[in-house]
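Participant:
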Amino acid sequence: MIQKLAKNITMPRVDLKAKPYNLSDEDIKWVKDTIAGMSDEEKIGQLFINLFFFGGDQFSGNKLTNTEILKKYHIGGARYQGGTSEQVQDLINELQSNTKVPLLVAANCDAGGNGAMNDGTYVAKAAMCEASGDEQVSFDAGYVSGRENNAIDVNWNLDPFVNILKN
Numbered sequence: 003m004i005q006k007l008a009k010n011i012t013m014p015r016v017d018l019k020a021k022p023y024n025l026s027d028e029d030i031k032w033v034k035d036t037i038a039g040m041s042d043e044e045k046i047g048q049l050f051i052n053l054f055f056f057g058g059d060q061f062s063g064n065k066l067t068n069t070e071i072l073k074k075y076h077i078g079g080a081r082y083q084g085g086t087s088e089q090v091q092d093l094i095n096e097l098q099s100n101t102k103v104p105l106l107v108a109a110n111c112d113a114g115g116n117g118a119m120n121d122g123t124y125v126a127k128a129a130m131c132e133a134s135g136d137e138q139v140s141f142d143a144g145y146v147s148g149r150e151n152n153a154i155d156v157n158w159n160l161d162p163f164v165n166i167l168k169n
């Protein structure tokens, strides 16, 4: 079944030298060689993001270690629940050192760096930014979350986004 699905997946033509990729010839060779060296199962696994926990898996009851998850499912990205900056950095280091393809690591930082780690800097929620009437508050929330994400190697911020505030 996996082979049948993989055969139906076609890679779009993407200019890896152009924005937003800006890859060198050496980088592009690594990408092509890596993809060519992946099994169909590994390629399909890249489509999935796993939610990691500090402590036991609260939802699925999964008993696999982080390394076992990487080796079994070949995930393309990681999300995590809570954690201090030190815990998050340790998790990301563990994951990145045990995967064949570097992972996208996501955080939801719409109010500042506190979305990436429990001890991150809170700036303001989107509604608060709007209520301030000052675009600088929104800029500051994005700036802080970007700096703090970068500091712990989170490379995929799931913000900004548009949502509707309901009371």
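Read in order, the letters of the sequence shown are residues 3 to 169 in my numbering.
Every residue gets a Cβ at the ideal spot worked out from N, C-alpha and C, and that includes glycine.
If you're wondering where the values come from, they're calculated on a predicted model, not measured in any experiment.
1) If you count every other CB in all the chains shown that lies within 10 Å of the CB of leucine 93, and 16 or more means buried, which is it?
2) For tyrosine 145, report the span of its alpha helix (DSSP H) as first-last.
3) Mark tyrosine 82 as exposed unless 16 or more other C-beta atoms lie within 10 angstroms of its C-beta, in which case mark it buried.
4) Can you tell me whether DSSP reads glutamine 83 as helix, strand or coil?
5) With leucine 53 and glycine 78 assumed to form a contact (beta carbons below 8 angstroms), what rounded beta-carbon distance in angstroms separates them?
6) Which residues in the same chain have their Cβ closer than 6 angstroms to the Cβ of leucine 160, if we skip the five residues on either side of it in sequence?
7) Nearest by alpha-carbon distance to alanine 129: which of Asn152, Ala113 and Gln89 is it?
8) Which term fits isoleucine 71, buried or exposed, when burial requires 16 or more other beta carbons within 10 angstroms of its beta carbon?
9) Looking at the structure shown, is asparagine 159 part of a helix, part of a strand, or coil, going by DSSP?
10) Thinking just about the alpha-carbon of each residue, which of Lys73, Glu44 and Tyr124 is nearest to the one in glutamate 150?
11) Can you grab the Cα-Cα spacing for the pair aspartate 17 / phenylalanine 55, in whole Å?
12) Quick one: what does DSSP say asparagine 110 is sitting in, helix, strand or coil?
13) Using the three-state DSSP reduction, which class does asparagine 120 fall into: helix, strand or coil?
14) I'd like the span of the beta strand (DSSP E) that includes isoleucine 77, first residue to last.
15) Going by the beta-carbon positions, is the gap between alanine 143 and serine 87 smaller than 9 angstroms?
16) Give me, in chain order, the residues of the same chain whose beta-carbon lies closer than 7 angstroms to that of valine 146; leave out the 5 immediate sequence neighbours on both sides.
Facilitator: Walking through what the data contain:
1) buried
2) 137 to 153
3) buried
4) strand
5) Between glycine 78 and leucine 53 the Cβ distance is about 13 angstroms, and since that is not below 8 angstroms, they are no contact.
6) Ala108 and Asn110
7) Ala113
8) buried
9) strand
10) Tyr124
11) 36 angstroms
12) coil
13) coil
14) Run containing isoleucine 77: none; DSSP gives neither H nor E here.
15) no
16) Gly114, Gly115, Thr123 and Val125
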